[in-house]
Structures are given as C-alpha cells and as structure tokens.
Amino acid sequence: MDIRSQISMVFHLDKCIGCHTCSIACKNIWTDRKGTEYMWWNNVETKPGTGFPTKWEDQEKYKGGWELKKGKVVLKSTNKVKTVTNIFHNPNMPTMDDYYEPWEYDYKELFNSKESDDQPTAKPVSMVTGEYIDIKAGPNWDDDLSGSPIYARNDINLENLTPEQKKQMFEIERLVMFYLPRICNHCLNPACVASCPSGALYKRGEDGIVLLDQKRCRAWRACISACPYKKTYYNWSSGKSEKCILCFPRVETGQAPACFHSCVGRIRYLGVLLYDADKIEEIASLPDEKLVEAHRSIILDPFDEKVISEAKRNGIADSTIDAAQKSPVYNFVVKWGLALPPHIEYRTLPMLFYVPPLLPVMSAQDGDTVKNINNEFFPDFEKARVPMKYMANLFSAGNESFIRYTLEKQTAVRAYRRAVTVGDIDMKDAEKALLKADCSKEEAEAIYKSTSLSTFEERFVIPASHREQAIEMYEDPLKLKQETGFGFKDKPKRGL
Amino acid sequence: MRKLYFIVLAILFFLSFSVLYGQSTEEFFERNCFSCHTIGGGRLTGPDLKNVDQRKDTAWLEKFILNPEVILRGGDPYAAKLLKEARGVRMTRVAGLTSGLVKNLLKFIKEESAKEKTRFAKSALKERPLTPEDIVLGRQFFLGTLPLTNKGPACLGCHSIAGEGFFGGGNLGPDLTSVIGRLGGKTALMAWLSNPSSATMSPIYRKQPLDEEEILPLVAFFKSKSEKNASYMEVHDFNFMIFGFIGLILVLLIFDLLWGKRLRSVREKLVKGELE
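If you're matching them up, the sequences are chains A and B in order. If you count by my numbering, then the first sequence holds residues 4 to 499, one letter each, in order. If you count by my numbering, then the second sequence holds residues 3 to 278, one letter each, in order.
Right, here's the structure in full:
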C-alpha cells in the first residue's frame with residue numbers, strides 16, 4: 004500500500020442553477036491577463052449541449068485521455084514515437100474557433116457614434132486581433148439552449164439512446180436541461196502529466212493538485228490534446244500552457260477555492276480522500292463496466308486503523324487524516340454512493356465527482372396556465388425527461404445501475420423528509436422507499452443535512468497546510484494583487 | 003636541458019625568418035603580380051610595369067600596392083584613369099604584403115625594367131591557335147565532367163556562365179560569360195588562369211594549378227561564350243526562383259499528406275452540417 008492524500012471535490016448538480024458565478028470568480032482572479040482571455044478554468048455547460056470547447060467529449064476527434072491496447076492503458080493522443088514525429092505540430096488540438104475568439108466591447112461607440120435613427124451599440128472588438136468582429140460563438144454559446152438543433156443534438160452523450168428516448172428529450176413541451184460546472188478534475192491518472200515531453204506537469208505530493216510548472220513548459224501543447232476534459236489551455240502571449248490550480252494559494256491558507264467559495268447554490272464540496280497509489284495502473288486498465296466500482300475502491304476508509312497507520316508511515320500529517328475523516332467527499336462518493344465521476348471511461352480517474360440531478364418537475368403549458376402532468380411527486384425514473392442512459396453516458400461509462408442507485412436514494416431521502424416535515428407522504432411509504440434505495444433513516448438524515456443545511460466548514464474541509472512541505476510558495480501569493488496582478492513573477496523567456 | 007631549450011627556440015626563430023624572407027621578391031612577383039602585369043611585355047589585365055617608377059612617385063606606388071582600394075575609393079584621378087583602362091577590374095589587395103616587401107618589389111621592378119630581356123616580359127605558356135575541339139574540351143573542364151589533371155575544383159562550383167547548368171553556377175565568384183573581355187583578351191586571361199591571384203582562388207590553385215593543356219581549352223570556351231552571349235541576361239536566377247516555388251509547393255503537399263488528418267475546426271463543421 005502506498006497511501007497518499009488527495010484534495011477531492013463533489014459538485015451536487017441537483018443544486019446548480021447555472022448562474023456562472025464560479026466562472027466569473029475564477030476569471031477575475033486567474034485568467035484576466037493577456038493571452039488567457041479565452042481560458043475558462045471553471046466553466047458551466049448546459050447539458051444536453053456540446054460544451055466548451057465545442058464537443059470536447061468527442062475523443063474520436065480530440066484524442067484525449069487513455070485507451071486500452073492489449074490490456075495496457077496507453078495515451079490516445081501520443082506515444083514516444085508520435086512525440087517526436089509531431090514535435091512541431093500537434094495534430095489534435097481544438098482551434099480558436101472551437102474555443103472562441105475572446106472579445107471586448109468598444110464602449111466609446113456609445114458616446115461617439117453619429118446621430119441616427121437607432122440606438123448606438125457597443126461594438127465587439129476581438130481581444131486577439133483588436134479588430135471589430137462579428138461574434139459567431141462564445142464559451143457558453145448554447146447556454147440554456149437545450150433544444151438547439153445544432154448544439155444540443157450533437158451532444159456526444161446522446162449516443163446509444165433509442166430514437167424514442169432522443170425524441171422524448173427534444174419534445175418541445177418536455178425540453179430539459181441541467182448544468183454541468185467543470186474545473187480540472189485533478190485526476191489520479193492524469194493524461195496531461197503523462198503526455199508532457201518537458202515534464203512540466205506534475206501532481207503535488209501533499210494534496211494531489213495537478214500543476215503546470217511555468218518555467219519548465221516548452222509549449223509542446225501535448226497536454227492540450229491529452230487532457231480529455233480539455234482543461235489545460237495554451238497562453239498565446241506567454242507561450243506557456245496554464246490550467247486550474249485549484250486556487251492552491253487559497254487552499255494552503257485554509258480558504259476554499261474561489262469557485263467553491265462564491266457558489267451561490269452551495270453545490271460544491273471539498274475534502275480530503277486517502278487512496279492507494281499502488282492500484283492506479285491496475286484500476287485504469289480495467290474494462291469500462293468495472294471502472295466506477297474500482298475507482299471507488301481505490302479510496303480508503305480514513306477510520307480504518309490499518310489505513311491510518313500506513314498513512315502516517317507514508318508521511319501523511321495527522322491534520323490531513325483528521326480532515327479525511329470529516330471529508331464530505333468521502334461521504335458522497337464512498338459512504339452514500341451518490342456522487343459519480345465524469346466520463347470515467349477516459350481512464351484518467353478524475354477526482355471530481357458529480358451528484359446527478361433529479362429533474363423531477365414535469366409540467367406542460369396548458370393554454371395560459373402550466374399544468375402538472377404528473378401526479379406523483381417522484382415519478383419512475385424510466386419516464387424521466389433525461390433518459391438514464393444519457394446520465395450513464397456522462398457519469399458511469401454507460402452503466403445505468405449506478406445512476407438508478409443514486410437517483411433512487413436521492414428521491415427516497417426527499418420522500419422521507421417530506422413525510423417528516425410536510426406529512427403528505429405516508430411514513431410507511433417513505434420507509435419502504437428508503438429500504439428499496441439501500442438507505443437507513445440515519446443515513447437519510449445525514450444526506451439531508453449535508454445536502455441542504457451544511458455550513459461552510461462542513462462543505463469545505465481543508466486540511467491545515469504544512470508549509471514546510473509546500474514547494475510552490477516561497478512568496479506571499481497576494482503580494483502583487485492590485486499592483487501588477489497575478490501572473491509571471493519573472494517574464495518568460497519565450498512567448499510574445 | 004635549459005640550453006637545449008634555448009637552442010630549439012633559436013632554431014625555430016630563424017626558421018620562421020627563413021620562411022618569411024626565404025620567399026624571394028622574384029618569386030613573390032611571379033605568384034602574385036604576374037597574373038595581371040608584365041614587365042615590358044605590354045598590358046595584360048593591368049598595365050605594363052616597365053619603368054613604373056618613372057610614371058608615378060614611389061610614395062604613391064607604395065601606398066597603392068599596399069592597399070589599392072584606399073586610393074581607388076579616395077577619388078585619385080590617376081587611379082581612376084587606371085581603373086578605366088582596366089575596364090573596371092580593380093586590383094586586389096595582395097595577402098601577406100608588408101611595406102618592406104613593397105619596397106623590395108618596386109626595387110625588383112626597377113631592376114627588371116633595366117634589363118634588356120626579362121622573363122617577366124612574356125608568359126611562359128605556349129600559344130597555339132584555338133580549335134573548335136578546344137571549346138568542347140573547355141566546357142567539360144568548366145563543368146567538371148572531365149576532371150582537372152591536378153585535381154583542382156571545376157569552375158562551375160563558384161562561377162556561373164551563360165547557358166550552363168540548370169541552376170546556373172556558384173555565386174561565390176563573378177559570372178564568367180564576358181570574362182575574356184573584362185580581363186583584356188586571350189593573353190591576359192591565360193596569364194590569370196596560369197596563376198590566379200585573387201584571395202579565394204590563389205590558395206586553391208597554387209597547390210593544384212591548371213595544366214597548360216587545360217588553360218587553352220578553357221580560354222577557347224570563355225571566348226566562344228562571350229561571342230555568343232554578347233547581350234546576356236541572367237536567366238538562372240529566375241530558374242532558381244521558379245524551382246524554389248515548385249519546391250515550396252511540394253514541401254507543403256508533403257506536410258499536408260503527413261498531417262492531413264489533423265483535427266480541423268469542430269464547431270464550424272457542426273454549424274455548417276446542420277445548416278446545409
């Protein structure tokens with residue numbers, strides 16, 4: 004056993020309202036510099052939809068992540084030979100159009116334009132070329148466009164859905180959508196780290212945050228094709244790639260990352276997980292259907308005496324073990340089995356987990372009023388507007404049983420709480436539902452509390468950092484805020 | 003031991019002197035001056051040097067020989083006249099010249115001028131009428147299809163000439179199409195070829211000189227070229243440009259073959275595919 008600690012995340016999609024506050028918080032802190040305008044280390048996508056960059060989940064095109072070859076897990080985008088042959092041109096990268104051309108507005112047009120019959124408008128100006136542009140796409144172009152014939156219908160996760168299921172999803176009265184906020188997953192088996200020819204990417208020993216060394220990066224951009232989640236970005240100005248750093252300067256000082264901190268829906272949870280690093284390769288090489296279960300099994304019980312002693316032997320601090328025992332992520336992922344990894348079939352073993360949304364409301368417009376077309380509070384999932392197959396494609400490599408399990412449990416907890424507080428559901432029915440959902444009353448209470456009533460400290464259990472172990476921070480990270488801003492301490496020798 | 007050291011040093015010291023001064027003035031003249039100048043034999047590329055000291059004062063001559071370019075650029079009227087007479091061929095600065103050597107040279111020229119008959123009046127090369135076969139042979143020597151006896155490099159490596167070689171010749175030396183006229187006729191060209199004294203050619207052809215039976219065909223070849231191409235234009239540069247362009251397209255095609263399957267825009271296709 005080689006026990007290590009990982010700062011891990013849960014996003015509770017049932018609570019996400021798609022307000023993009025997280026994206027803005029991140030943008031304002033980290034990516035408001037030249038060359039980073041188009042980057043969204045945190046972005047929120049509407050599902051069904053094609054996301055950012057467009058169709059990032061289509062690995063036939065972008066060649067991200069890992070694949071099994073002769074039982075061995077290998078990178079899809081590159082290997083030792085391809086690294087050399089493609090050294091001057093990495094063939095599978097998103098174009099600027101697939102991200103978007105970032106723009107600003109020329110606000111002086113509002114004041115200086117000539118008198119005319121129409122109101123003046125602020126003309127969009129490209130932040131890359133500085134020319135006026137006609138905006139054709141943006142980082143969130145299909146926001147709330149669940150029925151969009153172009154974007155939503157090209158969602159990769161619609162694969163293997165029956166024609167009826169597809170029809171059902173796009174039926175105008177029953178149109179459905181939910182939001183998928185995405186940051187770097189800080190994977191256990193990160194493809195970006197494996198692909199980097201310069202060794203610039205690394206997974207931090209103390210907390211598993213994946214970072215990109217700005218001094219070592221030589222802009223080969225191998226990480227950009229290799230990351231299946233397209234969460235490393237190339238800074239065209241500095242000539243270096245950049246990625247989400249999980250706000251490590253904040254985490255090290257006991258604060259939640261900016262996107263977590265600012266989340267109005269309180270959908271985000273952060274905590275430590277202990278895992279066995281020896282098992283990573285073995286688990287990443289398993290067939291698709293076994294991945295979710297195996298991925299969960301790599302996470303160790305932080306209360307197990309043997310695990311604790313092994314962890315201590317491996318240099319994990321008591322404060323970290325303590326945090327792991329209080330970790331909300333451990334509860335959601337392992338204890339309750341509610342949270343699932345996104346696209347586990349890419350085999351990077353992501354350490355960001357999602358609680359799939361219920362989307363229970365089913366109503367239709369009836370003349371001028373909205374009529375409830377389903378009399379039950381919690382209908383059968385088979386009839387859900389988002390087919391379970393779709394959710395399974397997204398969160399469990401196509402295995403619907405995990406989706407059914409988590410949705411059933413969430414529904415049972417709601418039914419139980421409704422029986423307790425409102426009383427219009429019979430307690431016996433609620434208990435039956437709990438039993439069916441593999442959930443005790445205590446567990447239901449815990450889930451309810453953790454979902455609805457948890458405080459800041461309960462949602463973000465950040466272990467005390469051990470600065471003597473931190474290699475990144477020799478200087479006060481906030482020293483230059485409001486002066487030259489964040490960015491490079493020394494000007495890079497390459498770039499523009 | 004220490005004594006031996008000094009002896010060796012002393013020997014080396016004198017050896018170096020003997021190398022420097024062992025080369026007699028006469029030899030130096032033959033190697034470096036005789037390719038363009040005679041003494042009493044009329045002009046070759048440069049003027050006849052007989053009694054040169056009577057035409058111009060010694061100080062000027064010394065300065066000119068040491069570095070002709072300084073005086074040529076200085077706008078000296080006599081130097082301009084000389085340049086005109088030489089049809090624009092500028093005297094090169096001879097490597098290894100010292101002011102002492104220049105003095106010796108002038109003394110040597112004076113002595114030779116006084117002689118009734120000097121071997122520097124006329125090139126030792128045999129003369130014979132040039133035949134059409136010479137032209138063919140000369141072309142082969144020029145192109146290097148027929149190797150030179152002393153294994154010297156072929157002319158084409160550094161020089162171009164009208165109508166030879168698809169890409170033209172090298173660009174290091176001047177174009178040789180009208181060289182015979184430029185250097186002042188057959189005799190002058192022969193004298194030059196028997197002992198080329200420019201900074202680039204001299205170190206090469208001193209070790210691997212051209213044979214007498216190679217010089218004559220080459221001269222014949224140059225002569226025929228200059229007669230045929232009186233109004234010669236450099237087409238080779240144009241050829242080269244065209245070929246470069248074709249090459250560029252070929253390289254781009256190879257790149258496209260290699261990386262043709264690279265990922266092109268995803269979103270654009272997505273949008274177009276739906277709109278069509």
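We treat Cβ as the ideally placed atom computed from N, Cα and C, and that holds for glycine.
Among the options, whose alpha-carbon lies nearest the alpha-carbon of residue i?
i               : options                        : result
A287 of chain A : A:H346, A:G211, A:I227, A:C187 : A:H346
N163 of chain A : A:P105, A:M394, A:A261         : A:M394
G88 of chain B  : B:P219, B:K274, B:K230, B:L74  : Residue 88 of chain B is actually Ala in this sequence, not Gly. The shortest Cα separation from A88 of chain B among B:P219, B:K274, B:K230, B:L74 belongs to B:L74.
V128 of chain A : A:D120, A:Y108, A:D147         : A:Y108
L220 of chain B : B:F242, B:E270, B:A193         : B:A193
T351 of chain A : A:V425, A:Y205, A:K439, A:N188 : A:N188
G165 of chain B : B:L185, B:S101, B:N231, B:G140 : B:N231
C230 of chain A : A:V358, A:G38, A:G68           : A:G68
M93 of chain B  : B:S199, B:L212, B:Q210, B:K225 : B:S199
R219 of chain A : A:V213, A:S201, A:G208, A:Y205 : A:S201
H39 of chain B  : B:A222, B:A12, B:G98, B:L51    : B:L51
L191 of chain A : A:L214, A:F181, A:V179         : A:L214
H92 of chain A  : A:Y102, A:T81, A:D100          : A:T81
C266 of chain A : A:Y232, A:C22, A:D5, A:K66     : A:C22
R269 of chain B : A:A155, A:I428, A:S468, A:L289 : A:A155
F181 of chain A : A:N89, A:G370, A:R388, A:P305  : A:R388
E460 of chain A : A:H264, A:Y419, A:V337         : A:H264
L218 of chain B : B:I206, B:I137, B:L254         : B:I137
For residue i, name the three-state secondary structure that DSSP assigns.
i               : result
Y333 of chain A : helix
T372 of chain A : strand
N192 of chain A : coil
T151 of chain B : coil
E461 of chain A : helix
Y135 of chain A : strand
E167 of chain A : helix
L71 of chain A  : strand
P184 of chain A : strand
R36 of chain A  : coil
Q9 of chain A   : strand
P127 of chain A : strand
F168 of chain B : coil
Answer with buried or exposed for residue i, where buried requires no fewer than 16 other C-beta atoms within 10 angstroms of its C-beta.
i               : result
A327 of chain A : buried
A201 of chain B : exposed
I244 of chain B : exposed
T100 of chain B : exposed
L250 of chain B : exposed
T189 of chain B : buried
K58 of chain A  : buried
N69 of chain B  : exposed
L277 of chain B : With a pLDDT of 46 at L277 of chain B, under the threshold of 50, the modelled position of this residue cannot be trusted; read the value that follows with caution. By the neighbour-count rule (16 or more Cβ atoms within 10 Å), L277 of chain B is not buried but exposed.
F168 of chain B : exposed
R95 of chain B  : exposed
M430 of chain A : exposed
Y103 of chain A : buried
K109 of chain B : exposed
Check the C-beta distance from residue i over to residue j and give it rounded, since I have them as a contact under 8 Å.
i               : j               : result
C262 of chain A : C29 of chain A  : 5 Å
K128 of chain B : E214 of chain B : 6 Å
E63 of chain A  : N160 of chain A : That belief does not hold up - the Cβ atoms of E63 of chain A and N160 of chain A are roughly 14 Å apart, past 8 Å.
F398 of chain A : Y357 of chain A : 6 Å
K315 of chain A : I301 of chain A : Actually they do not touch by this definition, with Cβ atoms about 19 Å apart.
V275 of chain A : S330 of chain A : 5 Å
R266 of chain B : N95 of chain A  : The Cβ separation is near 11 Å, so there is no contact.
A433 of chain A : A422 of chain A : 4 Å
Taking Cβ-Cβ distances shorter than 8 Å, what residues in chain B pair up with residue i?
i               : result
H92 of chain A  : W261, R264
L439 of chain A : Rather than Leu, the amino acid found at residue 439 of chain A in this sequence is Lys. The contacting residues do not exist; K439 of chain A stays about 42 Å from chain B at best.
For a contact meaning CB atoms closer than 9 Å, what does residue i contact in chain A?
i               : result
L272 of chain B : T53, T57, K58, I153, Y154, N157
Starting from the beta carbon of residue i, find every residue of chain B whose beta carbon is closer than 9 Å, and list them in chain order.
i               : result
N95 of chain A  : R264, L265
T98 of chain A  : L265, R266, S267, V268, R269, E270
Y232 of chain A : Within chain B, no residue comes near Y232 of chain A; the closest Cβ sits about 15 Å away, beyond 9 Å.
K64 of chain A  : L265, V268
D101 of chain A : L265, S267, V268, R269, E270
Examine the ligand NAD and report whether any of its heavy atoms sits within less than 7 Å of the Cβ of residue i.
i              : result
Y80 of chain B : Annotation note on the ligand NAD: not contained in the displayed structure, which lists no ligands.
So which residues on chain B does residue i lean against when the C-beta distance must stay under 7 Å?
i               : result
A140 of chain A : R269
Y278 of chain A : Here the premise fails: no neighbours, minimum Cβ distance about 34 Å.
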